[in-house]
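All remarks here apply to the structure that follows.
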Amino acid sequence: MYPTKYHKPAAVDAAVKALNSGDDAKFLAGGQTLLATMKQHLASPSDLVDVRGLGLSGIKKAGGVVSVGATTVHAAVASSADVHPALAKLAAGIGDPMVRNMGTIGGSIANNDPAADYPAGVLGMGATVVTNRRQIAADDYFEGLFTTALEEDEIITAVAFPQVERAGYAKFKQPASRFCLVGVFVSKSASGVRVAVTGAGSDGVFRHKGLEAALAKSWTPAAVDSVEVSEDGLLSDIHGDTAYRANLIKVLAKRAVAAS
Amino acid sequence: MTKLIMTVNGKKVSRDVPDETLLSEFLRESLRLTGTHVGCDTTQCGACVVHVNGTAVKSCSVLAVSLNGESVTTIEGLADGGQLHPMQKAFNDNHGLQCGFCTPGMIMASVDLVAKAKAAGRKLSEDDIRHGLEGNICRCTGYHNIVKAVAQAASEM
Ligand SMILES: Cc1cc2nc3c(=O)[nH]c(=O)nc-3n(C[C@H](O)[C@H](O)[C@H](O)COP(=O)(O)OP(=O)(O)OC[C@H]3O[C@@H](n4cnc5c(N)ncnc54)[C@H](O)[C@@H]3O)c2cc1C
Ligand code: FES
Ligand code: FES
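From first to last, the protein sequence lines stand for chains A and B.
Under this note's numbering, think of the first position of the first sequence as 1, with each following residue one higher.
Under this note's numbering, think of the first position of the second sequence as 1001, with each following residue one higher.
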């Protein structure tokens, strides 16, 4: 790893200042992605600004909205009685216990890996990404592979999940990495049905309008049968081609509805 | 460089370390605690697992300086004098190792797994143990005896 300078500020303003005073500074949370990237020399930040001293850990429930602090680790979400069980299940299926003890929700959605779990949960629940500057609807937040609406020096402070009537998640793991070969998150609420697919899109997480329309008519696994899932824009790699992933989207959508 | 103060296996240690030093490097190279193994260095294999404030983490994926003031336990800190920890004894009793390279990480991960289950009042099934050790890879044993060892220790801890 190339040399770097570590900072651990205790306030958001100080963190932004530290970030802007480095040549090529980066925020650090659980380090479960960033440190590996640095070891491979794919990143060589001059400064690391640790966001774990900012008091952004913890889960709060108020008026039906569950707010998960950005530095809350996956293990804490997995064992929380306040978050929707589908979200707890999603967090419990990330990586392995040690990764869940360190990795954070903020780090996961800032990174926006196309095979990560949280993007499906955040988009599928219609959550809001809260930063030190603004609130960003999930629909406007995920912009493509490893790309989000965040500015360089913008800090995610929390993710706010609205109340939903039903929600379910199903994931087909890539057995070696444990990331999603495909993952589907479904939810139903007063504002409609949402189906978010991760692991499959060549542009990262996306909503599937056809599945949403079918499930809005009938919230049953069988409703998925009639939906045409196109291979266009899907990922293809040694683990699965586009046809395989298109089929998995339907299989997992059924399982997610059944689990809801 | 940062002056790092940490409690390791119950003893206070203090060293000046470059900020990019990994916890695994700090333990092995600065403190010469070579029981913590580095297998992959890519957060996959679990040979490097230690406890930070009682919770299992992969020490190859944590910056040492981020743990200023914290408490770390390595495999060297598990036995009580000459008395092996029940998890260490169980691995020995059940032949839960062959070459032994994965063993420190397996044991540290298993101790946390059992402790968390106990705290939550849950009994660990064989399935729970297998899932709980998903982050630890063993190239020798085929896992059966490791699972037996963890089950035995769970009944003793
Ligand atoms: C072996 C292994 C298996 C894994 N399996 C899975 C899996 O199955 N599913 C899955 O979804 N993920 C998986 N992961 C990834 C894991 O979930 C990571 O926790 C996550 O990708 C990054 O979170 P982190 O807190 O470690 O962030 P870091 O690595 O510290 O940071 C990641 C990026 O986010 C930025 N960042 C961090 N926090 C903030 C913030 N608050 N505001 C703005 N930017 C921020 C950083 O600058 C950096 O660019 C796995 C990782 C490993 C090592
Ligand atoms: S050396 Fe840390 S996980 Fe393999
Ligand atoms: S005993 Fe050799 S790797 Fe596990």
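Heads up, the beta-carbon is just placed ideally off N, CA and C, and yes, glycines get one too.
Apart from sequence neighbours up to five positions away, the residues of its chain that approach Gln1152 (chain B) with a beta-carbon distance below 7 Å are Ala1090, Asp1093 and Asn1094, ordered along the chain. Every residue whose beta carbon comes nearer than 5 Å to a heavy atom of ligand 1 appears here in chain order: A:Lys26, A:Phe27, A:Leu28, A:Ala29, A:Gly30, A:Gly31, A:Gln32, A:Thr33, A:Leu34, A:Val51, A:Ala70, A:Ile94, A:Gly95, A:Val99, A:Gly103, A:Thr104, A:Gly106, A:Gly107, A:Ser108, A:Ala110, A:Asn111, A:Ala116, A:Asp117, A:Ile155, A:Ile156, A:Arg178, A:Phe179 and B:Thr1043. Within the chosen limit of 7 Å, ligand 2 reaches the beta carbon of Asp1041 (chain B) through at least one heavy atom. Using a C-beta cut-off of 8 Å, the region 238–256 of chain A makes contact with the region 164–184 of chain A, since at least three inter-stretch Cβ pairs fall below that distance. Remark: three or more beta-carbon pairs, one from each stretch, lie closer than 8 Å, so the region 1050–1060 of chain B and the region 100–120 of chain A are flagged as touching. What Ser1014 (chain B) touches in chain A, judged by beta-carbon distance under 8 Å, is nothing: the nearest beta carbon there is about 17 Å away. Relative to the Cα of Met1001 (chain B), the nearest Cα in the group B:Gly1010, B:Thr1007 and B:Thr1021 belongs to B:Thr1021. Taking C-beta atoms as the reference points, Ala15 (chain A) and Leu54 (chain A) count as a pair closer than 8 Å.
In the structure shown, the three-state DSSP call for Gly201 (chain A) is strand.
Across the region 1028–1044 of chain B, CB contacts with chain A closer than 9 Å involve Asp1041, Thr1042, Thr1043 and Gln1044, in sequence order along the chain. Not a single unbroken stretch of the beta strand (DSSP E) spanning 3 or more residues falls wholly within the region 66–105 of chain A. Note on geometry: alpha-carbon atoms of Gly1035 (chain B) and Ile1075 (chain B) lie some 6 Å from one another. Arg194 (chain A) has its alpha-carbon roughly 20 Å from the corresponding atom of Glu231 (chain A). Contact note: Ala14 (chain A) does not reach chain B at a C-beta cutoff of 8 Å; the least C-beta distance is about 16 Å. Our two residues, Leu28 (chain A) and Val49 (chain A), have alpha carbons roughly 6 Å apart in a direct line. Think of a sphere of 8 Å around the beta carbon of Gln32 (chain A): the chain B residues whose beta carbon falls inside it are Thr1043 and Ser1061, in chain order.
Straight-line measurement puts the Cα of Ala1117 (chain B) at about 7 Å from the Cα of Lys1123 (chain B). Within a 10 Å sphere around the beta-carbon of His84 (chain A) sit 16 or more other beta-carbons, which makes this residue buried.
Across the region 50–64 of chain A, CB contacts with chain B closer than 9 Å involve Asp50 and Arg52, in sequence order along the chain. Counting C-beta pairs with one atom in each stretch, the region 1120–1136 of chain B and the region 1035–1049 of chain B have three or more that are closer than 8 Å, which means they touch. In chain order, the residues positioned with their C-beta nearer than 5 Å to some heavy atom of ligand 3 are B:Leu1097, B:Gln1098, B:Cys1099, B:Phe1101, B:Cys1102, B:Cys1138, B:Arg1139 and B:Cys1140. In this structure, Val1038 (chain B) has its CB closer than 7 Å to one or more heavy atoms of ligand 2. Along the length of the region 207–253 of chain A, whole alpha helix (DSSP H) runs at least 4 residues long occupy 209–217, reported in chain order. A straight line joining the alpha-carbon of Ala91 (chain A) with that of Asp117 (chain A) spans about 8 Å. Going by C-alpha positions, Gln174 (chain A) is about 11 Å away from Ile238 (chain A). The shortest CA-to-CA distance from Glu228 (chain A) to any of A:Leu248, A:Pro119, A:Thr4 and A:Asp241 is the one to A:Leu248. Contacts between Val99 (chain A) and chain B, judged by CB atoms closer than 8 Å, involve Thr1043, Lys1058 and Gly1135 in chain order. Distance from the C-beta of Lys1058 (chain B) to the nearest heavy atom of ligand 2 is below 7 Å. Residue range Tyr118 to Gly124 is occupied by the alpha helix (DSSP H) that includes Leu123 (chain A), with no beta strand (DSSP E) assigned at that position. Judged by DSSP secondary structure, Arg1130 (chain B) falls within the alpha helix (DSSP H) whose first and last residues are Glu1126 to Gly1132. Contact of Ala1119 (chain B) with chain A is not assigned, every C-beta pair being separated by 8 Å or more. Residues Ser1024, Arg1028, Ala1047, Cys1048 and Cys1060 of the same chain have their beta carbon placed closer than 8 Å to that of Val1038 (chain B), with the five preceding and five following residues left out of the count. Using a CB distance below 7 Å, the part of the region 18–44 of chain A facing chain B consists of Gly31, Gln32, Leu35, Ala36 and Lys39, ordered along the chain.
In the same chain as His74 (chain A), and ignoring 5 residues on each side of it, the C-beta atoms closer than 6 Å to its own belong to Ala91, Ile94, Arg100 and Gly103, in chain order. Taking CB atoms only, Gly183 (chain A) has no neighbour in chain B less than 8 Å away.
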